[in-house]
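S.K.: Residue numbers (UniProt numbering): 1 to 332. Positions of the beta carbon are idealized from the N, C-alpha and C atoms, including for glycine. Quantities reported herein were computed from a predicted structural model and do not represent experimental measurements.
1. Ignoring anything shorter than 4 residues, give me the alpha helix (DSSP H) runs that lie fully in the segment 6-49, in order along the chain.
2. Can you give me the start and stop residues for the beta strand (DSSP E) that residue 246 sits inside?
3. Out of curiosity, what's the CA-to-CA distance linking residue 11 and residue 308?
4. Name the DSSP bridge partner or partners of residue 144?
5. Taking 8 angstroms as the CB-CB cut-off, is residue 285 touching chain D?
6. Three or more C-beta pairs closer than 8 angstroms, one from the segment 143-162 and one from the segment 186-193: is that the case here?
7. Which residues does DSSP pair with residue 273 in a beta bridge?
8. Alpha helix (DSSP H) containing residue 214: first to last residue?
9. Who are the Cβ neighbours of residue 189 in its own chain at under 6 angstroms, not counting the five residues just before and after it?
10. Since residue 86 contacts residue 52 with CB under 8 angstroms, what's their CB separation in whole angstroms?
11. Spatial neighbours of residue 306 within its chain, please: CB distance less than 6 angstroms, with the 5 preceding and 5 following residues excluded, ordered by chain position.
12. Please go through the same chain and pick out, in chain order, the residues whose beta-carbon is closer than 8 angstroms to the beta-carbon of residue 287, but skip the five residues on each side of it.
13. Residue 16 and residue 47: beta carbons closer than 8 angstroms?
14. List in chain order: all unbroken alpha helix (DSSP H) runs of 4+ residues lying wholly within the segment 259-318.
15. Would you check if the distance between the CB atom of residue 42 and the CB atom of residue 49 is smaller than 8 angstroms?
16. DSSP on residue 77, reduced to helix/strand/coil?
17. Using only the alpha-carbon positions, how far apart do residue 344 and residue 281 sit?
18. What residues match up with residue 186 in a beta bridge as DSSP calls it?
19. Could you give the C-beta distance for residue 232 and residue 276, rounded to a whole number, given that I count them as a contact under 8 angstroms?
20. Could you name the residues of the same chain whose beta carbon sits closer than 7 angstroms to that of residue 82, not counting the 5 residues immediately before and after it, in chain order?
21. With DSSP run on the structure shown, which of helix, strand or coil describes residue 155?
22. Which ranges would you report for the beta strand (DSSP E) in the segment 69-131 if only whole runs of at least 3 residues count?
23. In this structure, does DSSP put residue 2 in helix, strand or coil?
24. Have a look at residue 183 and residue 22 and give me their C-alpha separation to the nearest angstrom.
25. Grab the span of the beta strand (DSSP E) containing residue 64 for me, first residue to last.
26. Can you say whether residue 6 is buried or exposed, counting buried as having 16 or more other CB atoms within 10 angstroms of its CB?
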């Protein structure tokens with residue numbers, strides 16, 4: 001099978017490495033808006049390079065989009081119109097209206113599109129979903145999800161990031177929908193700018209918290225930070241009428257007990273999301289190869305990504321206006 005990776009940056013090269021490890025992938029092209037960058041990246045990993053137009057003209061079996069966000073919608077539309085199965089990193093597009101238009105366009109074509117929400121392929125979240133479905137937890141009553149980065153992104157990234165709820169917590173919103181099979185009904189969100197002023201200057205926050213209510217009454221608390229001094233921390237806790245499950249409690253969880261004699265954890269914290277979810281990133285690309293081959297359906301559709309974005313939009317509206325927001329207020 002022939003695959004094309006559009007985008008010769010760090011994430012694109014990571015996907016190249018994953019695809020080259022798949023036995024089904026026999027031919028691989030790297031393309032970029034900057035042909036020189038594509039040629040340099042291809043040479044570094046022993047692959048061939050191409051322009052964007054040449055990549056599409058090669059009629060690949062699958063396209064992996066790791067280009068800047070501003071190019072996502074155009075490239076996805078071009079791929080589905082050409083009949084090429086497509087994988088694209090989140091987000092779908094630059095804003096909500098563009099994302100809605102993209103989903104509607106994709107759904108007019110019978111071409112699979114997979115969006116990169118890698119937590120769906122993490123072993124811990126997969127086990128939590130299984131335990132809930134099998135009744136091991138009983139009736140789900142409460143959840144807690146958090147995503148905390150040890151250091152903030154570059155200052156120049158923040159004004160175009162969409163804010164912490166769209167950029168960061170959208171992964172939490174997607175995975176809570178996937179694990180529970182439920183939809184979010186209401187959101188009350190808040191935040192604070194306790195770190196660098198460039199967050200506040202962009203209308204963003206670096207500390208976040210929210211309370212979500214699912215459509216069955218389950219309560220979900222959300223926390224986030226751009227300055228988690230203990231290290232990269234991503235967890236999910238599910239509590240039900242019979243038991244509980246915790247995702248992310250491993251030997252590298254950045255938690256320090258105040259109880260005497262407790263030394264857990266014994267290893268250093270995860271430094272970043274790439275290392276924490278390395279196996280999940282590899283698994284989602286391996287799954288895309290089967291999607292492109294027509295053996296399986298997309299495990300995370302553009303419609304799924306749009307649903308997570310609706311939650312993020314509701315959270316940002318709630319934070320801005322200081323009130324509870326119903327999801328049907330932001331749906332269009």
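M.R.: So, from the data block:
1. With a minimum length of 4 residues, the continuous alpha helix (DSSP H) runs that stay inside the segment 6-49 are 10-20 and 35-45.
2. Residues 244-247.
3. Put simply, the backbone Cα of residue 11 is about 22 angstroms away from that of residue 308.
4. Paired residue(s): 221 and 237.
5. No chain D is present in this structure, which holds just one protein chain.
6. By the Cβ criterion, the segment 143-162 is not in contact with the segment 186-193, since fewer than three pairs of Cβ atoms, one from each stretch, lie closer than 8 angstroms.
7. Residue 273 is not bridged to any residue.
8. Careful: residue 214 lies outside any alpha helix (DSSP H), inside the beta strand (DSSP E) at 207-214.
9. 210, 315, 318 and 319.
10. With 8 angstroms as the limit, residue 86 and residue 52 do not qualify as a contact, their Cβ atoms being about 14 angstroms apart.
11. Cβ neighbours of residue 306 beyond the five flanking positions: 99 and 103.
12. Close CB contacts of residue 287 within its chain, under the 8 angstroms cut and outside five residues either way in sequence, are with 114, 121, 296 and 299 (chain order).
13. Contact: yes.
14. Whole alpha helix (DSSP H) segments, 4+ residues: 273-276 and 278-292.
15. Closer than 8 angstroms, so yes.
16. Here residue 77 sits in helix by DSSP.
17. The shown model of the chain, from 1 to 332, leaves out residue 344, and the question about it has no answer.
18. In DSSP, residue 186 forms a bridge with 213 and 326.
19. Beta-carbon to beta-carbon, residue 232 and residue 276 are separated by about 6 angstroms, close enough to satisfy the 8 angstroms threshold.
20. Answer for residue 82: 56, listed in chain order.
21. Three-state DSSP puts residue 155 in a helix.
22. If we require 3 residues or more, the beta strand (DSSP E) runs fully inside the segment 69-131 come out as 86-89 and 113-116.
23. DSSP, read as helix, strand or coil, puts residue 2 in strand.
24. Those two C-alpha atoms are separated by around 35 angstroms.
25. Start and end: 62-65.
26. Residue burial annotation: residue 6 is buried, with at least 16 other C-beta atoms found within 10 angstroms of its C-beta.
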